[in-house]
Structures are given as structure tokens and as C-alpha cells.
Amino acid sequence: MDGQMPVSNIMGWPDQKAAGQPIEEESPIDDEALVESLRSGDPGAPARFFDAYGRYVERLLVRVLGPDPDLEDLLHDVFAEALGNIEQLRDPTRLKGWLTRMTVFIARGMLRRRRRHGWLAFVPDEELPLMPSPSTPPEARDLLNRVFAVLQRLRPNHRIAFSLRYIEGMTLPEAAEASGVSLATFKRWLKASNRAFMSSAQRIDRALYEELLNTPRWGSLP
Amino acid sequence: MSKRFEKLGAEVARVQDETLADGTRRAAVRRRLLLGESRSSPPRSSRWEPTLAWVGAMAAVVLAVVVLWPSVPEPIAYRVEGEAESRLLDREIAAPNDGARSIAFTDGSAVRLSPSARARVRQLRIEGATLVLDRGEATVSVQHRDTTKWSVEAGPFLVRVTGTRFRVGWQPEAESFELEVFEGEVRVRGPSLPERTVRRGQEVRQNPAATVEPKPEPPQVEEPIRERTALPEPHPRKQTGTVTPAGAPSYEPPAVPTPSEAEAPESTRPEQDPEASAKPSSAEPPSWKTLLDRRDYSALLTELGPEQLEQAIWQADAAQLLDLGAAARELGDARAGSIYTAVRSRFSGTDAAADAAFLLGRMQFHSGAHRSSATWFETYLRERPDGRLAREAAGRLVEAYQHAGDTDRAHEAAEQYLRRYPNGPHAGLARSVLQ
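One line per chain: the protein sequences are A and B, in this order. The opening residue of the first sequence carries number 21 in the working numbering; numbering runs sequentially from there. The opening residue of the second sequence carries number 12 in the working numbering; numbering runs sequentially from there.
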């Protein structure tokens, strides 16, 4: 690991747990009123809908897919689907959960298509994921790429389970709801994802694998 | 174990959150939604079928935008021969069995479907469109503009266009793909077909029984890919790898490029493995392991399926991977970046990983991502401050910041360069930055 910041160092940064928690929108959203205005054809409603949930949906997609050249199209797809199906939402107070399921559904579809066409896993030069910002250490970007290189080898359902539970920081019931499966099924997926992640890391990223095994180096772990 | 994953996931999320601070992507999507552009992909499931309410709501949005913001440019539209102008997406356009059918676009581009061909317009943008060729042949003429973004999807193949005329064919039953370029050039990629440029006079054919067969390139066509010299074409296959004694897997770093050499491929080396030129007599295609052992990187890239290539990538040693990346760059193969990234993942902390950072910096520089390029050069310098590529990386860092328009950092990089290499090949550039 000479010359490259160990995962343990990066993971020692403060507020690491909070990072995975949902970022609350700046102002409370009246979902019922929003849905009503969408259904009534209020021309300003789609913009308000996107302003309310655009960041949240984008974050979910980033959690599941990582640095991905198709994020913009997928974000568009989620809102286009949601706007087109708003009449099917039975309980307007559950708008966010409905949108979450739709986002996960669309992300899963993308992962499945990619898995069928393995060549799509490679991105063109000009679409290589760039540094998130000049202030982001390259080591952090490296970590991101390494983790998603491992996740890329997982089955879509397992990858989604891992991303929602560990990266987005959802509780098990929340993640099961978002995935559209029972809690028991989600737990099975998660267990399988844990095994698959370690197995893949062992094969393709020995350093990450050993860091995960070597918990004392992380210091703060129980 | 789950606690460990929670820690790891939380850190990944923290890094990701930095990307989310940039609202560029959201702003672009918001604009697309309010402009009424339909999604770029076809419906994914009947579970989310569009409804009349959606059409009504979006029509109202479009109307409001037109009234309130009349100067907003609209996506282009198209007119199928004998029909009215339209922006309908994913509607099947079929040519009759006994005749062709034309589609004219408002940006001046045109598509002619051969008899029995079927196509759909998947996306309409201000700068172009995406056409899906479901079957048959189409002759496409795209009007070139600086911002043109046109593409044609034919089965799993993607043809990207900025301005050209070409014929494309797709037969789904035979999984047969054909492309012939009449004017300009296009980029094409598909399964077992690494992304490449196809120029005027060249053809690409691919089906399960035949592989890519580009015709000889006209000599007067200007080479559009920088850093691409003396490229071996996929057929006839040509050995491009390096010669390493058998049983010597140790990594040898690439030669230090001088500024004049810096545009050359990173591992175009004169020697050839005499064994590599001897093709197997068997009809069986060689395995990835055979090709890797032979260091036949060109064949690895052009003849293997994605899964086999991935296996090779995860089994190759560092030197092989760097050579594979170099071969990919020489071939104009878009997977070079992924290969170098694999070097950094698999061999983190080694000289090879540091060199991969340098090479990624060069790639990003030439793709115009100067700030990201600078980050990779800095990564190299941090990991190997006295490495054999350190002087070149330090000089490239000055260039990268200069091109990125970051005067302060260019100034700082130039000062550091001159302190360490006052007579180095980038000294002149560094002094000019400081003036």
C-alpha cells in the first residue's frame, strides 16, 4: 500500500457515519399538495416535484450505480416515469417511498442490461469518471473506484442490497421497502451480497479484502 | 462483518456526496423535463406504462414553457416521407417490402430506410437525435455542426456521429452488423468490437461467423486520434506486445518520454515475439490465457468476448496489463482507461500503479479533461516523487493546470518544476508560465 492511502486512513475521517444518511431537503414537502397539483396539470408542478426530490433521486442512483456516464439519463428517466404514472400512486403521502421504489427499479434494470452486455462495463476515455471536485483527494476517488469495481461483479439484486444498506445507510425495513421485496428476502440478498463482496474483493482487490478483514487497523470498529 | 461494510459504505457515501454538491446534472435534467424532452430510453416495463394524465401534464408544461420562455431552443423534429412533422419517440417507422422510405430531420440530416427496414427515433435533442435500427439497412446523412450529437443504435452496436454519410445494417436473427462510411468518420462499438473510428471508405462487418473486416484506409485521410501511430489493424492480426523472457513476470516501467516523444504510444516497441506470429493451426480460437501468454494484446482486444477479456484483465500481471492498456490506446480502444484503472486496483502501491496514474493523466489530458489530468499527475508525484516519470509528470502538471486555466496552480507547479529541474524539457514552458 506504499504511496496509496490505506482504506483504514480514509475511513477514519470524521462524520463518516453521517455521510451515508439521507440529506434532508431544505424545506418540508407537502406531498399531498404536490401530487394534487401534478394530477391537476398545474404547469409549475413538475418543476416543484423535481426541485423537491431531484437531489434525493440523484443520490440514490449514485449510491447504487457509482460513477456512471448514464446517471443523467437515468435521473431523467425516473422523473419521466414518475410524472407519467402519478395517477397510479394510491397514497399521496407515500410519494417519497413510491419514488424510491421506482428509482431502484430503474437502476436494477440498468444493472441487468449491463450484466447482459458485459462490454458496456467499460466506459470510453472521455467518459472516465472524473474527480468529484478538485478538493477530493485522489485516494478517495481510488477508493470509490475500487469499491465499485468489486460491486460491479455482484448480481444486481445483491449490489442493490449492499448499496442501499451500507452506502445509503437505510435500515433493513427501509431498504426492503425500497427494493420492493419482503424483509426476509432482503436479508437473504444482503447476506449473499456480503459473501459475494468479500469473494470478489479477494480475487480482484487483495488490499481492500485484507483491509476489510483486518478490522483492528480501523481503530474505531467494535 | 456488516459493521465493516457500514464503515466502508459510509466512506463511499461521503465521497459521493461531494459529487452531489455539483448541481450541473440536476440542472440539465430539470431543463430537459421542462422542455418536454422524452426520456432517452424506451419504456422498461409495462408496470410504469405512460398514461393520458402524463401526456396532458407534459403538454401543459410544454405549453407553459413556450408561452413563458419563447426563446428556449427546441429539440429537432423529423418528418417521415408522406407524413407530417413529428417529435414522437419510439414509434416504429417501417419501409415497405418493395421500396425505401425517407426520414428528414429539421437539422438537415436525413435517413433512408432500405426496403423492409424498420427503425425508431429514440431521442431528439437540440443537437441531434438517436435512431434505433431494429432491422434492415439505413443510409444516414448527418449534417455536421460543432455541437452535433447524433447516434445510431443497431442491436447492441452503437455508432456515434458528428457529421458524415454512412450505411448501417442490422439483422437481429443473424446478429449481423454492417457499417460502411461514405464521408467523414464515425465511432462504433459493440460486443467484441472495441470502440473505434471508422473512416471514409472503410467497412465493418460483424456476425457470429465473421469478425471485423476494415478495408484499407485511404492514405489521404487525416488520422483523428492523437497518439495513434503505426496502428496494427485487427486483421491481419499483428503482434504489438513486448518481449519478456519466459518466466520473468517482473514489472519494467515504461520509458521516460521526452516532450517530443510524449505523443508516441507508451509501449510501441520494436521487438516481436517470434512465437507470437505463429498462429495456431487449429480452427479453435485461442483462449485468453494463450493470447496473454503470447502477449498478443491486439488479439486479446479484438478477438475475445467481454467476459474472456475481463478474465484476462484480472489474471494478467502488472507488466502485461500496462502493455494491454498501451495496445488498447494504439488501437483507439476505449477500454484503455478501464485497464489502467484495473492496474491501480490490483497492484495498488506498486510502481505499476503509479505509472498507471501517469498514463491516466496523459489520457485525460488528451481528452481535454485537464483538471482531472492534473490530479493524476499529482497522484503519480505523490506516490513516486523520485520516480523515473517524475520529471515528465511535473512538467505535464504545469501544462495541465495551464490548459485548465488555473493560473495559481500552474504558477505553483511551474515554480516547483524549476526548483527541481531547472534545465528540464519543460523549463521553458515553466518560465513562460511564471512571466
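We treat Cβ as the ideally placed atom computed from N, Cα and C, and that holds for glycine.
| Query | Result |
| --- | --- |
| Measure the beta-carbon distance from B/Arg198 to B/Arg171 and round it to whole angstroms, keeping in mind my assumption that it falls under 8 Å. | 4 Å |
| The beta strand (DSSP E) spanning A/Pro158 covers which residue range? | No beta strand (DSSP E) contains A/Pro158, which is instead part of the alpha helix (DSSP H) from 158–171. |
| DSSP has B/Val192 in a bridge; who is on the other side? | B/Phe177 |
| Which same chain residues end up closer than 6 Å to B/Thr117 when comparing Cβ atoms and leaving out the 5 residues on each side of it in sequence? | Ile87, Ala88 |
| If the cut-off is 8 Å on Cβ atoms, which residues from the region 387–410 of chain B count as contacting chain A, listed in chain order? | Trp387, Glu389, Thr390, Arg393, Glu394, Arg395 |
| Quick check: is the beta carbon of A/Ile180 nearer than 8 Å to any beta carbon in chain B? | no |
| Can you tell me where the beta strand (DSSP E) with A/Phe69 in it begins and where it stops? | First-last for A/Phe69: 65–85, but that is the alpha helix (DSSP H), not the beta strand (DSSP E). |
| Are B/Pro436 and B/Gly398 close, meaning C-beta to C-beta below 8 Å? | no |
| Exposed or buried, B/Ser443, counting other C-beta atoms within 10 Å across all chains shown (16 or more means buried)? | exposed |
| Select from B/Leu408, B/Ala363, B/Val163 the residue whose C-alpha is nearest the C-alpha of B/Arg176. | B/Val163 |
| Any residues in the region 178–205 of chain A with a beta carbon nearer than 9 Å to a beta carbon of chain B? Which ones, in chain order? | Phe182, Ser183, Arg185, Tyr186, Ile187, Glu188, Gly189 |
| Cβ of B/Trp161 less than 8 Å from any chain A Cβ? | no |
| Are B/Leu342 and B/Pro205 closer than 8 Å when you measure CB to CB? | yes |
| In angstroms, rounded to a whole number, what distance separates the CA positions of B/Arg402 and B/Ala310? | 34 Å |
| Determine the direct distance from the alpha carbon of A/Arg79 to that of B/Ala367, and round the result to whole angstroms. | 30 Å |
| Can you give the Cα-Cα distance for A/Glu194 and B/Ser384, rounded to whole angstroms? | 40 Å |
| Determine, using beta carbons only, whether A/Leu115 comes closer than 8 Å to chain B. | no |
| Taking Cβ to Cβ, would you say B/Ala130 is nearer than 8 Å to B/Ala149? | yes |
| Chain B beta carbons: is any one of them nearer than 8 Å to that of A/Ile49? | no |
| Along chain B, which residues have their Cβ under 8 Å away from the Cβ of A/Asp88? | Within chain B, no residue comes near A/Asp88; the closest Cβ sits about 11 Å away, beyond 8 Å. |
| Just the Cα atoms here: how many angstroms apart are B/Ser298 and B/Val354? | 22 Å |
| Look up B/Ile114 in the DSSP assignment and give the residues it is bridged to. | B/Val91, B/Val122 |
| Roughly how many angstroms separate the alpha carbons of A/Arg179 and A/Leu171, rounded to a whole number? | 6 Å |
| For B/Arg36, which residues in chain A fall below 7 Å Cβ to Cβ? | Glu78, Leu91, Glu92, Leu95 |
| What in chain A is Cβ-close to B/Leu31, meaning under 7 Å? | Arg75, Glu78, Arg79, Val82 |
| I need the straight-line Cα distance from B/Ala415 to B/Glu389, nearest angstrom please. | 14 Å |
| By alpha-carbon positions, which one of B/Gln326, B/Asp334, B/Ala329 ends up nearest to B/Tyr308? | B/Asp334 |
| What are the start and end residues of the beta strand (DSSP E) that includes B/Ala165? | 161–165 |
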